[in-house]
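One structure below.
Residue numbers (our numbering), protein chains in the order written: chain A, 1 to 125; chain B, 126 to 278.
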């Protein structure tokens, strides 16, 4: 049973990886709907990695601005994984811009605080 | 009395003939010694300009030695030429190899690490970081991938 689950997750991992590299903008929508809303922490981690790997405004916004997704995930493991993926980006221009906008414009104090923390980590790294 | 006189005359003749013989001996023809070189009052009969047998032998040996040396040198030159002719292809090969090695050394010394890029090694691969399975899936439409995801979930 456990082996079968591992195989299923491995197959989903390939699908998420393919969607992350896909040039069609609809791939971001699929990853957001199915990935970031998945009850499985591992699937959410893989989705966050795929979206951050795109390093695109639309894909980064999903993980920074939305409460309960990406860096704001309720699971500290998923949230920290998302933060690590952001820190490992070579070009952080777009993500810093989104974090600054979130810090100044977002209505939720918790989301603003998380964005401030991530930006501080980027400046320290 | 006559007997005495005859005896003395005979003695004088004998002495005279001896002197004559001596004179003849002393006056041997100077054909081989035209300058009449004398030593301690005696004329030297021998030909001073004719080399002795030892000298002739020495000269002969020297001549033969020269000939032998010449023959040895000649053979050495021949051996050298033969060796050179046989070794020439080896020398040419060594020169060619040396040129090739120096060319490789130049290439290596001018090589920059920045020249080595994975993108240069893997040509025409738009997704070099993707796994093999993901590369098969990425070419499919997003809708199909979504259906596959829903089928697995």
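Positions of the beta carbon are idealized from the N, C-alpha and C atoms, including for glycine.
{"Query": "Assign residue 153 of chain B to one of two classes, buried (16 or more other C-beta atoms within 10 Å of its C-beta) or exposed (fewer than that).", "Result": "The predicted position of residue 153 of chain B is uncertain, since its pLDDT is 49 and thus under 50; no value can be drawn from it."}
{"Query": "Under 8 Å Cβ to Cβ from residue 85 of chain A, same chain only, skipping five residues before and after it: list those, please.", "Result": "48, 49, 52 and 53"}
{"Query": "Based on DSSP bridge pairs, tell me the residues matched to residue 261 of chain B.", "Result": "Looking at the DSSP assignment, residue 261 of chain B forms no beta bridge with any residue, so it has no partner."}
{"Query": "Leaving out the 5 sequence neighbours to the left and right, which residues in its chain are closer than 6 Å to residue 82 of chain A when beta-carbon positions are compared?", "Result": "48, 63, 70 and 71"}
{"Query": "For the pair the segment 133–140 of chain B and the segment 96–108 of chain A, tell me if three or more CB-CB distances fall below 8 Å.", "Result": "no"}
{"Query": "Counting along the chain, where does the alpha helix (DSSP H) carrying residue 82 of chain A start and finish?", "Result": "76–87"}
{"Query": "Does residue 71 of chain A have its Cβ less than 9 Å from a Cβ in chain B?", "Result": "no"}
{"Query": "Restricting to Cα atoms, I'd like to know which of A:120, A:93, A:67 and A:122 is closest to residue 108 of chain A.", "Result": "A:67"}
{"Query": "Among A:3, A:29 and A:94, whose alpha-carbon lies nearest the alpha-carbon of residue 122 of chain A?", "Result": "A:94"}
{"Query": "Quick one: measure Cβ to Cβ for residue 21 of chain A and residue 263 of chain B, integer angstroms, because I've assumed they're closer than 8 Å.", "Result": "5 Å"}
{"Query": "Taking C-beta pairs closer than 8 Å, name the residues in chain B that residue 78 of chain A reaches, listed in chain order.", "Result": "Those within 8 Å of residue 78 of chain A in chain B number zero; the least Cβ separation is about 17 Å."}
{"Query": "Within the continuous alpha helix (DSSP H) that includes residue 60 of chain A, where are the two ends?", "Result": "57–65"}
{"Query": "Under 8 Å Cβ to Cβ from residue 89 of chain A, same chain only, skipping five residues before and after it: list those, please.", "Result": "52, 55 and 95"}
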